[in-house]
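Numbering (our numbering), first residue to last: 572 to 987.
Rendered as structure tokens:
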């Protein structure tokens with residue numbers, strides 16, 4: 572599917588979200604360090620837990636609202652709120668005001684995401700959907716790669732100017748969205764019982780969430796995703812600690828008497844750079860290459876490669892071997908992400924896409940909350956045990972996916 576053939580909504584959003592991602596990641600990675608230096612590590616740790624917990628609720632509510640009100644108004648409200656939070660950053664006279672703006676930005680992103688993903692599903696057919704999701708995933712990661720490089724200079728030296736620039740970019744994005752974006756929400760089928768149903772509206776909302784989480788297939792998908800994110804989150808958790816403590820300086824390149832060596836924290840930066848480079852450059856090609864694969868095959872292979880990539884790290888501290896391990900687990904990430912985003916839209920009824928997209932963010936949030944437990948376990952166990960647990964968690968995700976597809980096949984055979 573050529574970019575030129577995309578709906579105008581998608582073209583405008585891809586450009587806008589790429590720019591916004593770059594600006595956002597120019598300061599986001601440095602906020603944890605800023606809060607740690609300002610409030611102390613203990614307080615900062617507690618403060619940084621609050622946004623993801625609140626985001627769970629906002630994502631669920633945001634997805635539901637996008638199904639009721641439409642994708643466009645939810646996205647416009649989110650972008651407008653982001654602009655206000657950047658303004659608050661710029662005007663902040665205390666660290667607590669900056670923290671409030673930081674929380675606000677996280678919540679606005681959580682409100683935006685389900686509506687954004689639902690709109691992509693609304694505007695694409697099943698054949699092209701994974702590729703379009705892959706392009707948006709690439710755009711986001713372009714910001715993750717470029718943003719911190721620019722932020723290392725601008726956040727430190729021109730913080731106020733950076734926040735003001737972010738506000739102006741977001742305001743322009745709001746104006747473009749307001750005049751260009753069209754509503755795409757499918758209308759929910761209405762029955763006679765809906766017209767006379769005396770059930771209070773708040774109870775209907777709770778019932779709608781109950782329907783989602785009682786869906787065995789979707790529940791298994793969430794559980795598998797939680798295991799996946801526990802494993803992949805170790806890239807910037809246990810893997811970072813392992814590299815710092817065990818990977819000593821060693822030559823990467825040499826020529827005569829000249830040697831370029833890496834180790835510890837500097838090598839971790841190169842590992843993450845390799846991951847980002849592969850995501851930005853290979854996502855589209857990988858998505859096309861696996862387009863003929865079944866969803867089951869993609870999920871299983873992705874989980875296996877991710878788990879195996881981590882597990883192999885326990886057997887060597889050679890930096891070239893560790894680069895290979897990172898490449899293996901990144902290929903797993905490249906296989907899974909576009910498939911996962913498109914898969915939720917297959918499970919969801921058209922009129923509940925936003926709600927399902929919002930609920931699917933639980934796998935990431937819960938996975939990120941549980942992932943640091945492996946760092947705690949590393950106080951008592953060595954790398955082989957910890958990387959073995961990571962591989963075991965990936966295997967659990969495979970078992971959940973296999974069970975999920977077994978149930979789906981059984982349902983399809985009954986319907987046939």
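All C-beta atoms, glycine included, are put in the ideal place defined by N, C-alpha and C.
| query | result |
| --- | --- |
| Is residue 865 helix, strand or coil by DSSP? | coil |
| Determine whether the beta carbon atoms of residue 877 and residue 803 lie at a separation below 8 Å. | yes |
| Give the C-beta separation of residue 587 and residue 800 to the nearest angstrom, bearing in mind that I take them to be a contact with Cβ-Cβ under 8 Å. | Not confirmed; about 27 Å, so no contact. |
| Excluding sequence positions up to five away, which residues of its chain have a Cβ less than 6 Å from the Cβ of residue 873? | 903, 906 and 907 |
| Would you mind giving the Cβ-Cβ distance between residue 689 and residue 642, rounded to the nearest angstrom? I have them listed as a contact below 8 Å. | 6 Å |
| Below 8 Å between beta carbons: does that hold for residue 654 and residue 745? | yes |
| Smallest Cα separation from residue 862: which of 611, 610, 723 and 701? | 701 |
| Thinking C-beta only, is residue 585 closer than 8 Å to residue 718? | no |
| On the DSSP bridge assignment, give the partners of residue 833 in chain order. | 821 |
| Report all residues from its chain with a CB closer than 7 Å to the CB of residue 856; omit the five preceding and five following residues, and keep chain order. | none |
| Look up residue 826 in the DSSP assignment and say whether it is helix, strand or coil. | strand |
| Consult DSSP for residue 763 and reduce its assignment to one of helix, strand or coil. | For residue 763, the predicted model reports a pLDDT of 45, less than 50, meaning its position is unreliable; a value from the coordinates is still stated below. Three-state DSSP puts residue 763 in a helix. |
| Taking buried to mean at least 16 other C-beta atoms within 10 Å of its own C-beta, is residue 729 buried or exposed? | exposed |
| Can you find the residues in the same chain that come closer than 8 Å, C-beta to C-beta, to residue 713, ignoring five residues on each side of it along the sequence? | 589, 592, 593 and 851 |
| Figure out for me which residue from 693, 809 and 651 has the closest Cα to the Cα of residue 941. | 809 |
| What is the DSSP secondary structure of residue 729, reduced to helix, strand or coil? | coil |
| Alpha helix (DSSP H) containing residue 582: first to last residue? | 579 to 595 |
| DSSP state of residue 676, grouped into three classes? | helix |
| Does the Cβ-Cβ distance between residue 913 and residue 716 come in under 8 Å? | no |
| Write down the C-beta distance between residue 673 and residue 602 rounded to the nearest angstrom, noting that I regard them as a contact closer than 8 Å. | 6 Å |
| Going along the chain, which residues of its own chain have a beta-carbon closer than 6 Å to the beta-carbon of residue 961, five neighbours each way excluded? | 802, 805 and 881 |
| Give me, in chain order, the residues of the same chain whose beta-carbon lies closer than 7 Å to that of residue 889; leave out the 5 immediate sequence neighbours on both sides. | none |
| Check residue 755 in the structure and name its three-state DSSP category. | coil |
| Using the C-alpha atoms, what's the distance from residue 841 back to residue 670? | 30 Å |
| Run through DSSP, which three-state label would residue 904 get? | helix |
| Which of the three DSSP states is assigned to residue 771 in this structure? | Confidence at residue 771 is low in this model, with a pLDDT of 42, below 50, so the placement of that residue should be treated as unreliable; the coordinate-derived value is given next. Residue 771: coil per DSSP, three-state reduction. |
| What is the DSSP secondary structure of residue 952, counted as helix, strand or coil? | coil |
| Does the separation of the CB atoms of residue 791 and residue 928 fall below 8 Å? | no |
| For the alpha helix (DSSP H) containing residue 806, name the first residue and the last one. | Here residue 806 belongs to no alpha helix (DSSP H), and DSSP marks it neither H nor E. |
| Classify residue 984: buried if its beta carbon has 16 or more other beta carbons within 10 angstroms, exposed otherwise. | exposed |
| Quick one: is residue 709 buried, meaning 16 or more other Cβ sit within 10 Å of its Cβ, or exposed? | buried |
| Evaluate residue 599 with the Cβ neighbour count: other Cβ atoms within 10 Å of its Cβ, from every protein chain shown; 16 or more gives buried, anything less gives exposed. | buried |
| Using CA coordinates, which residue listed in 945, 813 and 845 is at the minimum distance from residue 883? | 813 |
| Could you give the first and the last residue of the continuous alpha helix (DSSP H) run that contains residue 935? | 924 to 941 |
| With 16 other CB atoms within 10 Å as the buried threshold, where does residue 611 fall? | exposed |
| Does DSSP classify residue 608 as helix, strand or coil? | helix |
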